[in-house]
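Undergrad:
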Amino acid sequence: MSTEVEIGRSKRALRAYSFDDIALVPARRTRDTSEVRVGWQIDAYHVDLPVMASPMDSVMSPETAIMVGRLGGIGVLDLEGLWTRYEDPTEALERIRRADPSRATSVLQEVYRAPVRPELITERLSQIRASGVVVAGRLSPAQTQRHWRTVVEAGVDLMVIRGSFVSAEHVSGSVEPLNLKRFIYELDVPVIVGGVTTYTAALHLMRTGAAGVLVGQGGGASSSVRQVLGLHMPMATAVADVAGARRDYLDESGGRYVHVIADGSVGNSGDVVKAIACGADAVMLGAALARAEEAPGGGYHWGAEARHERLPRGFRSHVGTVGTMAEILNGPSDRADGTLNLMGALRRTLATTGYADVKELQRVEVVLAPYTGS
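All residue numbers for the sequence shown refer to the UniProt record's numbering, where the first residue is 1 and numbers rise by one.
1. Determine, using beta-carbon pairs with one atom in the region 211 to 228 and one in the region 259 to 268, whether at least three such pairs fall under 8 Å.
2. Please report how far the alpha carbon of L77 lies from the alpha carbon of L250, in whole angstroms.
3. Kindly indicate which residue of P118, R347, P370 and H232 has the alpha-carbon position closest to the one of L361.
4. So M206 and V258 are in contact, right, with Cβ under 8 Å, and what is the actual spacing, rounded?
5. Cα-Cα, which of I184, D48 and K11 is closest to G344?
6. Looking only at DSSP bridge pairs, what is D357 linked to?
7. By a C-beta neighbour count over all protein chains shown, 10 Å radius and 16 as the cutoff for buried, is G132 buried or exposed?
8. Taking all protein chains shown into account, do 16 or more other C-beta atoms lie within 10 angstroms of the C-beta of R15, making it buried, or fewer, making it exposed?
9. Taking the alpha carbon of P370 as the point to measure from, which residue in G323, G298, A282 and P234 has its own alpha carbon closest?
10. Looking at the unbroken beta strand (DSSP E) that takes in R162, where does it start and where does it end?
11. I need the straight-line Cα distance from G279 to T237, nearest angstrom please.
12. Note down the Cα distance separating E327 from E35, rounded to an integer number of angstroms.
13. Do you know offhand how far G81's Cα is from Y112's?
14. Take P190 as the anchor and find which of D20, V358, Q41 and E6 has the nearest alpha-carbon.
15. Under a three-way DSSP split, which group does V166 fall into?
16. Which runs of the alpha helix (DSSP H), 4 residues or longer, sit entirely within the region 312 to 348?
17. For G338, which residues in the same chain have their Cβ closer than 6 Å to its Cβ, ignoring the five residues on either side in sequence?
18. Could you tell me the distance, in whole angstroms, from the CA atom of R146 to the CA atom of P177?
19. Does DSSP put S223 in a helix, a strand or coil?
20. Let's test the definition: count the other Cβ atoms within 10 Å of the Cβ of E94 and tell me whether it reaches 16, buried, or not, exposed.
21. Does the distance from the CB of A287 to the CB of V239 come in under 9 Å?
22. DSSP three-state label for L178, please.
23. Roughly how many angstroms lie between the CA atoms of E63 and V283, to the nearest whole one?
24. Short check: CB of D334 to CB of V38, under 9 Å?
25. Please determine, among T372, T3 and P312, the residue with the shortest C-alpha to C-alpha distance to V227.
26. Express the C-alpha separation of R28 and W302 in angstroms, rounding to a whole number.
27. Looking at the secondary structure, which residues open and close the alpha helix (DSSP H) in which G216 lies?
28. Judging by CA-CA distance, which residue of S222, L187, V160 and G331 is the nearest neighbour of T105?
29. Alpha carbon to alpha carbon, how far is T84 from T122?
30. Decide if I7 is buried, meaning its Cβ has at least 16 other Cβ atoms within 10 Å, or exposed.
31. Under a Cβ-count criterion, where at least 16 other Cβ atoms within 10 Å of its own Cβ denotes burial, should T200 be classed as buried or exposed?
32. Taking the beta strand (DSSP E) that M52 falls in, what are its first and last residues?
33. Which residue from F315, I276 and A290 puts its Cα closest to that of V364?
34. Cutting at 6 Å between CB atoms, please list the residues of its own chain near V171, excluding the five before and the five after it.
35. Less than 6 Å between C-beta atoms, sequence neighbours within five positions excluded: which residues of the same chain meet that for A92?
36. For the beta strand (DSSP E) that contains V68, what are its first and last residues?
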């Protein structure tokens with residue numbers, strides 16, 4: 001049970017924790033790193049790494065989506081991003097990278113005013129499919145009804161419906177909202193939905209038939225949702241609460257397992273490990289992969305929220321470059337800050353705590369130990 005604290009005479013609040021507030025506890029038994037497994041299976045698709053690459057244009061192009069797939073993860077392409085608006089987005093990317101910080105948001109808004117072209121959705125997904133990796137594409141809840149047929153006909157394996165906050169019940173007097181339960185039921189393609197940060201919201205999304213739920217608020221390291229909207233949920237508590245919803249839904253549904261994917265605040269290998277310890281089956285990496293030499297952002301990072309025409313809720317941030325995509329995911333590393341060899345670190349933690357796979361690591365003992373940087 002979460003601890004309540006008094007904000008004032010008329011308001012009480014629940015205490016919540018971030019990944020920096022917790023740490024894993026070594027167990028009495030250890031094992032060799034060659035004896036651990038980090039593979040992940042969602043629906044019919046087995047991959048070598050419990051990693052999805054975030055559908056952000058600073059991270060995922062068709063080429064980097066293929067690259068992540070060949071390295072063992074799943075790359076998710078933003079089907080409302082630059083690659084479906086421009087035949088060649090090179091100039092648009094260059095404008096974003098070169099923009100003065102004071103004009104970066106305006107430039108993002110200008111660049112993304114070009115319309116999404118259905119034929120480019122087909123072309124980009126077909127390019128990824130031809131490589132033989134798992135094909136995953138993202139649509140926002142607002143655009144899903146407009147583009148889903150094009151996406152399915154192009155041969156997508158996993159559809160991701162991702163926004164800052166996605167609910168199973170959206171009320172609107174102006175447009176007919178997306179009925180997630182009916183949509184997922186009628187679709188032959190498994191659907192991953194998010195973001196969500198609470199037990200109740202996650203449980204309702206699981207009841208729609210989603211194969212997986214994204215935990216987080218969308219923009220991650222480039223998000224300003226807390227500053228703009230006042231909304232925030234620290235990720236350790238969010239993941240643990242959604243994992244609790246998964247447990248209860250498993251019982252309620254008679255055995256249907258819904259995957260929990262941590263999507264936000266996963267910036268280094270320690271965060272990957274803690275997300276799984278709190279109950280995640282996999283992580284969605286944004287800024288961590290935006291630091292790759294091959295990333296389209298060229299050392300800059302931004303999300304879909306940053307380009308909103310009337311109320312941007314994110315910004316272009318400089319994350320720098322630390323190594324290749326392969327080095328970030330699988331090493332080797334020449335840095336001690338957890339930005340390289342993320343999966344090597346996960347394997348080492350499994351070995352140190354004595355667990356054989358990612359699912360077992362969800363049972364690890366966790367302590368409150370706020371990190372102060374010393």
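Ideal Cβ placement from N, Cα and C applies to all residues, glycine included. As the structure is a prediction and not an experimental result, all values here were calculated from the model.
TA: With the structure as the only source:
1. yes
2. One C-alpha to the other measures close to 30 Å.
3. R347
4. 5 Å
5. Answer by Cα proximity: D48.
6. R37
7. exposed
8. exposed
9. P234
10. L158 to R162
11. 10 Å
12. Near 22 Å, if we compare the C-alpha coordinates of E35 and E327.
13. 8 Å
14. Q41
15. In the three-state DSSP reduction, V166 falls in the coil class, being neither helix nor strand.
16. 325 to 330
17. Same-chain partners within the cutoff: N268, S269 and G270.
18. 12 Å
19. strand
20. exposed
21. Result no, Cβ atoms of A287 and V239 do not sit closer than 9 Å.
22. L178 carries a coil assignment under DSSP once its states are collapsed to helix, strand and coil.
23. Between the alpha carbons of E63 and V283 lies a gap of roughly 21 Å.
24. no
25. Note on residue identity: the sequence assigns Gln, not Val, to residue 227. The option with the nearest alpha carbon to Q227 is P312.
26. 43 Å
27. Run containing G216: none; DSSP gives neither H nor E here.
28. Checked all of S222, L187, V160 and G331; the closest Cα to T105 is S222.
29. Going by the C-alpha atoms only, they are around 9 Å apart.
30. I7 sits exposed, since fewer than 16 C-beta atoms from the chains shown fall within 10 Å of its C-beta.
31. exposed
32. Residues V51 to A53.
33. Looking at the Cα atoms, I276 is the closest of the given residues.
34. Since pLDDT at V171 reaches only 41, below the 50 mark, its modelled position is unreliable, and the value read off the structure follows with that caveat. Cβ within range, chain order: n/a, list empty.
35. L82, Y86 and V111
36. V68 -> not in any beta strand (DSSP E); alpha helix (DSSP H) instead, spanning P62 to L71.
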